[in-house]
């Protein structure tokens with residue numbers, strides 16, 4: 001439903017977005033990952049028609065953003081970075097303004113307003129000017145504004161930035177509830193967020209698309225994926241662990257005493273290790289199967305070019 | 001059309017949600033009173049008209065209109081809400097017009113609230129009401145021209161102070177372009193045609209007749225053209241620079 005072809009954006013001579021191409025289908029919850037300044041926000045600004053692309057094309061529901069921006073913007077809910085709003089308005093006035101713009105009328109309007117206020121939990125602050133709200137509430141007002149017309153496409157630029165863990169959880173829940181048949185694009189640099197809500201990850205660095213697949217595949221890129229770590233209550237001979245079938249390598253962290261065993265590619269070593277530990281009665285306190293470390297993969301992917309170049 | 005009205009409504013309400021409109025109207029009424037009675041000598045002239053009142057309008061607008069218009073786009077840019085506005089299904093032209101109309105209505109309201117002057121003159125003598133109505137319309141049109149210039153200056157920058165100063169300077173040039181301040185700069189090298197053209201841009205000369213109640217087509221047309229041109233310029237500036 002969203003189709004991007006060879007999208008580029010230059011600022012003077014700086015290439016903010018460099019030849020991006022991708023398609024996003026309904027049902028996709030895409031996590032846009034990347035370091036700061038990677039081009040995430042610029043890409044989102046182009047998708048929403050705020051910035052014109054320097055090169056390339058964007059088609060949304062088979063319409064080009066060049067010629068049909070207004071029609072496309074009707075189908076999009078957008079939370080810009082920093083959740084800007086009109087600070088002198090109260091939350092209630094602001095949502096009504098958005099409802100006006102979105103042409104919501106009559107009973108449907110009432111129902112949508114009620115639903116959104118309830119979902120985003122704005123009931124207590126409806127009559128307060130937005131300027132006087134805390135950061136978390138401002139973010140929620142921005143979210144309410146974006147989902148008010150129940151759009152098919154939801155684009156959220158760092159929706160959980162500056163929220164406390166409870167609020168983050170709440171926003172994730174909200175996104176999960178929304179997105180059966182919709183397209184959701186979230187930009188973030190919080191990795192757990194992607195693992196928690198997205199079914200597709202796109203990593204952008206230096207304006208280029210470096211990775212585009214599911215969070216599971218991203219996890220499997222990590223050498224920690226399916227690795228087993230254990231902690232001993234006192235020193236014991238564990239050299240035999242490294243000789244086990246399927247174990248590629250053993251690493252011991254001198255500081256924490258954490259032992260990590262890495263499998264050979266595609267091998268599962270947890271059971272073998274578990275058995276070995278039980279048989280030898282090794283003094284093992286904890287034994288964990290690692291699921292892969294996203295931050296490490298993220299670093300690898302986003303800094304790869306720099307290292308090579 | 002609907003979108004323009006939605007933006008106008010929001011902007012108009014926002015003028016009154018903040019002290020901007022109240023302060024503006026209060027200052028406008030005070031200053032116009034002072035100018036009319038103390039400098040314009042309304043009573044001493046002994047004539048039942050409002051010419052002393054209207055004659056000071058260009059100078060009042062010169063400072064007050066840029067003050068009311070300076071936030072219109074500069075603040076959108078500063079707070080980032082321009083990104084929200086421009087990604088809603090509202091076109092830039094609708095947004096420009098909506099904001100302009102809202103501020104113009106505030107100016108109209110301020111002007112309308114000077115009605116006690118009119119009542120006083122009516123009480124003391126027998127003024128020609130047609131002339132006064134025409135002068136009010138003329139003054140409102142001129143306010144619109146000031147406003148269009150100020151809107152455009154506000155679109156240029158995210159800093160309201162810069163917007164205000166730029167607007168005052170450009171408006172000042174338009175106010176005095178018929179006088180020697182501006183014409184002297186052209187005198188040494190420009191031909192008569194250029195001199196006449198520059199002089200004809202003057203707000204003062206176009207308003208002069210209006211203040212006396214003559215709504216000539218060329219004066220009315222002049223102010224409308226100024227509005228259209230500067231609003232169109234604002235539109236271009238916003239389209240080009242919205243993300244800066």
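Residue numbers (the UniProt record's numbering), protein chains in the order written: chain A, 1 to 309; chain B, 1 to 244.
Note that beta-carbon positions come from the ideal geometry of N, C-alpha and C, so glycine has one too.
With residue i and residue j assumed to form a contact (beta carbons below 8 Å), what rounded beta-carbon distance in angstroms separates them?
i, j, result
"residue 95(B)", "residue 85(B)", "6 Å"
"residue 95(A)", "residue 136(A)", "Not really, about 17 Å apart at Cβ, beyond 8 Å."
"residue 263(A)", "residue 248(A)", "6 Å"
"residue 33(A)", "residue 194(A)", "6 Å"
"residue 8(A)", "residue 53(A)", "7 Å"
"residue 272(A)", "residue 244(A)", "5 Å"
"residue 26(A)", "residue 183(A)", "6 Å"
"residue 91(A)", "residue 113(A)", "Incorrect: roughly 11 Å between the Cβ atoms, too far for contact."
Alpha carbon to alpha carbon, what distance is there between residue j and residue i?
i, j, result
"residue 292(A)", "residue 51(A)", "37 Å"
"residue 59(B)", "residue 142(B)", "11 Å"
"residue 250(A)", "residue 66(A)", "56 Å"
"residue 104(A)", "residue 3(B)", "13 Å"
"residue 173(B)", "residue 67(B)", "17 Å"
"residue 30(A)", "residue 200(A)", "5 Å"
"residue 301(A)", "residue 90(B)", "39 Å"
"residue 278(A)", "residue 303(A)", "41 Å"
"residue 177(B)", "residue 203(B)", "8 Å"
"residue 147(A)", "residue 99(A)", "11 Å"
"residue 123(B)", "residue 129(B)", "12 Å"
"residue 48(B)", "residue 38(B)", "16 Å"
"residue 70(A)", "residue 76(A)", "10 Å"
"residue 78(B)", "residue 62(A)", "34 Å"
"residue 113(B)", "residue 29(B)", "8 Å"
"residue 147(B)", "residue 104(B)", "7 Å"
"residue 154(A)", "residue 229(A)", "40 Å"
"residue 41(A)", "residue 195(B)", "51 Å"
"residue 189(A)", "residue 259(A)", "29 Å"
"residue 307(A)", "residue 76(B)", "In this predicted model, residue 307(A) has a pLDDT of only 45, less than 50, meaning its place in the structure is not dependable; the value taken from the coordinates is given anyway. Near 41 Å, if we compare the C-alpha coordinates of residue 76(B) and residue 307(A)."
"residue 186(A)", "residue 152(A)", "14 Å"
"residue 198(B)", "residue 16(A)", "45 Å"
Check whether the Cβ of residue i lies closer than 8 Å to any Cβ atom in chain B.
i, result
"residue 182(A)", "no"
"residue 49(A)", "yes"
"residue 88(A)", "yes"
"residue 85(A)", "yes"
"residue 78(A)", "yes"
"residue 270(A)", "no"
"residue 97(A)", "yes"
"residue 82(A)", "yes"
"residue 45(A)", "yes"
Between residue i and chain A, is the shortest Cβ-Cβ distance under 8 Å, so that the two count as touching?
i, result
"residue 98(B)", "no"
"residue 253(B)", "Missing from the structure shown is residue 253(B); chain B here goes from 1 to 244 and no further."
"residue 105(B)", "no"
"residue 125(B)", "no"
Does DSSP put residue i in a helix, a strand or coil?
i, result
"residue 93(A)", "helix"
"residue 47(B)", "coil"
"residue 243(B)", "coil"
"residue 125(A)", "helix"
"residue 208(A)", "strand"
"residue 165(A)", "helix"
"residue 81(A)", "coil"
"residue 9(A)", "strand"
"residue 198(A)", "coil"
"residue 214(B)", "coil"
"residue 159(B)", "coil"
"residue 19(A)", "strand"
Quick one: which chain D residues come within Cβ less than 8 Å of residue i?
i, result
"residue 101(A)", "Here the protein chains are A and B, and chain D is not one of them."
message = Output needed in chain order: residues of the region 225-244 of chain A with a Cβ under 8 Å from some Cβ in chain B.
response = Answer set for the region 225-244 of chain A: empty.
request  = Could you please tell me which residues of the region 51-75 of chain A, in chain order, have their CB closer than 7 Å to any CB of chain B?
outcome  = Answer set for the region 51-75 of chain A: 51, 70, 73, 74.
request  = Give, in chain order, every residue of the region 66-86 of chain B whose Cβ lies closer than 7 Å to some Cβ of chain A.
outcome  = Identification of residues in the region 66-86 of chain B having a C-beta nearer than 7 Å to some C-beta of chain A yields 79, 80, 81, 83, 84, 86, given in sequence order.
Cβ-based contacts, 8 Å cut-off: residues of the region 11-34 of chain B near chain A = The residues in question are 13, 14, 17, 18.
key: Proximal residues, the region 216-243 of chain B versus chain A, C-beta separation under 8 Å   = Cβ contacts with chain A: 242, 243.
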